[in-house]
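Here's the structure we're looking at; comments come further down.
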Amino acid sequence: MSDSGEPTGSASSLRQARAGAARGHGSAEPPSAGRREVARWLVGVARPVLMPMAASTAARLVDQLAGLALFGLAMLGVLSWADAGGGALALLVLALVALSLVKALCRYLEQFLGHLVAFKALELLRVETFAALWPQAPAVLARSRSGDLLQRLTKDVDRVEVFFAHSFAPALTAVLTPLVAALTAGWLVSWPVAGVMAIGLALTVFLVPFLGAGPAARAATRSARTRGRLTHEITDSVQGVAEVTGYGLQDDRVARSRVLADRLGASGRVVTAVEAARAMVSGVVQWGTVVAMAVVGHHEGVGVAILAAVIVVALRCFAATRAVEDFLTDLDASFASAGRLWRVAHTPPAVRDPERPRALAVGPLDVVWQQVSFRYDDGVGDSGHAALDAVSCTAAAGEHTCIVGSSGAGKSTLVQLALRYADPLRGEVLVGGVDVCELALTELRAAISMVNQQPFFFAGSVADNLRLTRPDASDAELAQVCRQAHIDEHIATLAQGYGTDVGELAASWSGGQRARLALARALLTDARVFIVDEYTASLDDELAAELAASLRQARPDATLIEITHRVSSSLGADRVIVLDRGRCVQQGRPGELAASEGLYARMLAREADAVSQVTAGLTSS
Numbered sequence: 001m002s003d004s005g006e007p008t009g010s011a012s013s014l015r016q017a018r019a020g021a022a023r024g025h026g027s028a029e030p031p032s033a034g035r036r037e038v039a040r041w042l043v044g045v046a047r048p049v050l051m052p053m054a055a056s057t058a059a060r061l062v063d064q065l066a067g068l069a070l071f072g073l074a075m076l077g078v079l080s081w082a083d084a085g086g087g088a089l090a091l092l093v094l095a096l097v098a099l100s101l102v103k104a105l106c107r108y109l110e111q112f113l114g115h116l117v118a119f120k121a122l123e124l125l126r127v128e129t130f131a132a133l134w135p136q137a138p139a140v141l142a143r144s145r146s147g148d149l150l151q152r153l154t155k156d157v158d159r160v161e162v163f164f165a166h167s168f169a170p171a172l173t174a175v176l177t178p179l180v181a182a183l184t185a186g187w188l189v190s191w192p193v194a195g196v197m198a199i200g201l202a203l204t205v206f207l208v209p210f211l212g213a214g215p216a217a218r219a220a221t222r223s224a225r226t227r228g229r230l231t232h233e234i235t236d237s238v239q240g241v242a243e244v245t246g247y248g249l250q251d252d253r254v255a256r257s258r259v260l261a262d263r264l265g266a267s268g269r270v271v272t273a274v275e276a277a278r279a280m281v282s283g284v285v286q287w288g289t290v291v292a293m294a295v296v297g298h299h300e301g302v303g304v305a306i307l308a309a310v311i312v313v314a315l316r317c318f319a320a321t322r323a324v325e326d327f328l329t330d331l332d333a334s335f336a337s338a339g340r341l342w343r344v345a346h347t348p349p350a351v352r353d354p355e356r357p358r359a360l361a362v363g364p365l366d367v368v369w370q371q372v373s374f375r376y377d378d379g380v381g382d383s384g385h386a387a388l389d390a391v392s393c394t395a396a397a398g399e400h401t402c403i404v405g406s407s408g409a410g411k412s413t414l415v416q417l418a419l420r421y422a423d424p425l426r427g428e429v430l431v432g433g434v435d436v437c438e439l440a441l442t443e444l445r446a447a448i449s450m451v452n453q454q455p456f457f458f459a460g461s462v463a464d465n466l467r468l469t470r471p472d473a474s475d476a477e478l479a480q481v482c483r484q485a486h487i488d489e490h491i492a493t494l495a496q497g498y499g500t501d502v503g504e505l506a507a508s509w510s511g512g513q514r515a516r517l518a519l520a521r522a523l524l525t526d527a528r529v530f531i532v533d534e535y536t537a538s539l540d541d542e543l544a545a546e547l548a549a550s551l552r553q554a555r556p557d558a559t560l561i562e563i564t565h566r567v568s569s570s571l572g573a574d575r576v577i578v579l580d581r582g583r584c585v586q587q588g589r590p591g592e593l594a595a596s597e598g599l600y601a602r603m604l605a606r607e608a609d610a611v612s613q614v615t616a617g618l619t620s621s
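Next comes the structure, spelled out in structure tokens:
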């Protein structure tokens, strides 16, 4: 804030941008780009490898021209064998050998450089896409299916290889090679024959490849989109296999996947039909051109040997032009995938660093929400789900604050705004007296550590997962935080201790064990605010109380914010914030709130009644 009490320039501008563009995690992706814009982006990404690409194209051009000369001279030599002298035949053989060597060398260079360019360009594209993706997290996961996002970052990147390795060079040489061949044939043999040849080749370059281009491009786009949905469907089925089999939903999941597979097949059939039509028209044009060249050549009085050599050269040119027809079909799929990557790379992040960030003061930090409103955008106009409505509350520095409320009350949204995963529609969030919009994201998230309700664990050892927050942590430090999180005894029972692989998502660990391991990981940080979301949900009351006491002892000056559905566990906190339908209806000391006639007291009573009913039921049984 300035001395006058107005927001600083950077925070003010961010807040203005927030109202127009950042209403929540569900912010829409930008519109799809046209092929020209996507192509410019791909070329820009691949700028470091444009020189090798040019060298590969030059090698391909020389290779094809050498091939034309090789086959043309060979045909001429075969048909002129009887009339040629020994010296002429020797020169012809030497020329064929030299052309073969040149062609082989250029073919190797084209393939080597072309694929070097392609794979390096794919590396650059992956880095570019991932670099653009990180600033969008975690909001990107709210608007994108995880399986579809995985499809974009893996298979879609691979499909762009066609653009780099099989488009520029074939397109350029498909024009230059026939042009050189036609001009040479006109100069050395007959301009009418060369004209017929040029017309046929021009049709195969500029007409045939674009037959059915619209339906093929639309089918390729549908295929890419459907393939992403199918990947997401399969990913969900694999990750949720216990629920799928437990509820007997195998047939339903298979049926859903089969519907998507059928759609994918339908799009593929459209592309196949277009390919077949192009191949048929290309064949008619090619052999029609050969017949026309023979007729015109005979009329022009061109010798049989010379005419045959020119026709062979023309057939070799048709082989070069068919490369355009071949790669254009794959290019449709390549552009469809590139367009999906373009959307990922050009989606603006939900939040940005301020131009002139402020620094946090040393010591304990409080978290204050002032008239905060937030709405999850559903992508339809200005409507959407209102998660928070003018919420004002405080988590005091160095205190244990519990946020309670029913599901959907806005508890998780409230703390996510403190981490600045998104910006509020109205109001402001202060950490240590500083608006989070005025803090660099790295400093803010270094000061606040969050243990999610469903923490993620990577495939790797226990130690690897702990060191995610501090790669240089010593073994002694790992053991210390695990003792503080009451997970050390379980780790001691593992075959390899801290070197034991937790497995994918730590699925073999119980919910309580995963929560405590995540808490130990958070304790390795230098955070001054700890946000824990239902971290005691899978623990019994005694262990939950011991863990809470241990956490306060480990970090006595830290601000602890706990989200919980277990209202009774909040009685030991210093402060309670009660949310209901996106509003803060109560806040204060838990003893005072329990003694009042408010929602907190009613929630405690309902919880006590539920426990009593369960206990009575167990006793009677």
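Using the UniProt record's numbering, you'd call the opening residue of the sequence shown number 1 and step up by one each time.
The beta carbon of each residue, even a glycine, is placed where N, CA and C say it ideally should be.
With respect to the alpha helix (DSSP H) encompassing residue i, which residues constitute its N-terminal and C-terminal limits?
i      : result
Ser449 : Ser449 -> not in any alpha helix (DSSP H); beta strand (DSSP E) instead, spanning 448-451.
Val285 : 250-300
Thr173 : 168-188
Asp533 : Element bounds for Asp533: not the alpha helix (DSSP H) but the beta strand (DSSP E), 529-533.
Leu42  : 35-45
Asp541 : 541-554
Ala520 : 511-523
Gln136 : Looking at the DSSP string, Gln136 is not in any alpha helix (DSSP H), and its letter there is neither H nor E.
Ala165 : 161-165
Ala418 : 411-418
Which value, in whole angstroms, describes the spacing of the CA atoms of residue i and residue j?
i      : j      : result
Gly408 : Asn452 : 16 angstroms
Gly268 : Pro215 : 11 angstroms
Val175 : Pro348 : 40 angstroms
Ala387 : Asp580 : 10 angstroms
Glu562 : Asp158 : 44 angstroms
Ala33  : Trp342 : 8 angstroms
Leu315 : Ser334 : 29 angstroms
Leu328 : Ala308 : 31 angstroms
Ala82  : Leu73  : At Ala82, the pLDDT of 48 sits below 50, so the modelled position is not reliable; the number obtained from the coordinates is stated separately. Distance between the alpha carbons of Ala82 and Leu73 is about 15 angstroms.
His298 : His115 : 45 angstroms
Ala54  : Ala217 : 27 angstroms
Phe318 : Val127 : 39 angstroms
Ala610 : Ser508 : 31 angstroms
Val284 : Leu203 : 11 angstroms
Leu96  : Ala104 : 12 angstroms
Gln586 : Ala224 : 50 angstroms
Pro7   : Val391 : Reliability of the predicted coordinates at Pro7 is poor, the pLDDT of 42 falling under 50, and no value is obtained from them.
Gly248 : Arg222 : 31 angstroms
Gln454 : Ala515 : 8 angstroms
Arg35  : His490 : 56 angstroms
Val270 : Arg263 : 11 angstroms
Val380 : Ser412 : Since pLDDT at Val380 reaches only 39, below the 50 mark, its modelled position is unreliable, and the value read off the structure follows with that caveat. For Val380 and Ser412, the distance between alpha carbons rounds to 23 angstroms.
Gly588 : Leu360 : 26 angstroms
Locate the beta strand (DSSP E) running through residue i, then write down its first and last residues.
i           : result
Arg583      : 583-588
Ile577      : 575-580
residue 629 : Examination of residue 629 is not possible in this model, given that the chain is present from 1 through 621 alone.
Leu560      : 559-564
Return the Cβ separation of residue i and residue j in integer angstroms, given the expectation that the two are a contact with Cβ distance under 8 angstroms.
i           : j      : result
Glu443      : Asp435 : At roughly 13 angstroms, the Cβ-Cβ gap does not stay under 8 angstroms, so Glu443 and Asp435 are not in contact.
Pro52       : Leu113 : 5 angstroms
Ser449      : Ala522 : 4 angstroms
Val205      : Arg278 : At roughly 12 angstroms, the Cβ-Cβ gap does not stay under 8 angstroms, so Val205 and Arg278 are not in contact.
Val372      : Thr129 : Incorrect: roughly 33 angstroms between the Cβ atoms, too far for contact.
Val117      : Val49  : 5 angstroms
Leu201      : Thr57  : So it is not a contact: roughly 19 angstroms between Cβ atoms.
residue 687 : Cys106 : As shown, the chain starts at 1 and ends at 621. That puts residue 687 outside it, with no answer to give.
Would you say residue i lies against chain B (beta-carbon separation less than 7 angstroms)?
i      : result
Arg583 : As a matter of chain content, chain B is missing from the structure shown, which is built from one protein chain.
Hey, out of the options, whose CA is closest to residue i's CA?
i           : options                        : result
Gln370      : Ala292, Pro424, Ala320, Val324 : Pro424
Pro192      : Val302, Val312, Asp330         : Val302
Arg420      : Asn465, Val404, Arg352         : Arg352
Ala137      : Ala473, Trp187, Leu441, Leu519 : Leu441
residue 624 : Gly405, His400, Gln416         : Given a span of 1 to 621 for the chain in the structure shown, any question on residue 624 remains unanswerable.
Arg575      : Arg256, Val404, Thr154         : Val404
Met75       : Ile311, Pro471, Gly339, Ala59  : Ile311
Val196      : Leu211, Leu179, Arg583, Arg589 : Leu179
Thr177      : Ala139, Glu355, Ala69          : Ala69
Val529      : Val368, Leu211, Arg47          : Val368
Residue i: beta carbon under 6 angstroms from a heavy atom of the ligand FMN?
i     : result
Ala46 : Although the ligand FMN was asked about, the structure shown includes no ligands whatsoever.
* Can you give, in chain order, each stretch of the alpha helix (DSSP H) that sits fully within the region 452-496 and has at least 4 residues? -> 462-466, 475-484, 488-493
* Taking the runs of the beta strand (DSSP E) that are 3 residues or longer, which of them lie wholly in the region 334-406? -> Runs found: 367-377, 384-395, 400-404.
* Continuous alpha helix (DSSP H) assignments of at least 4 residues falling wholly in the region 183-249 -> 191-206, 213-239, 241-246
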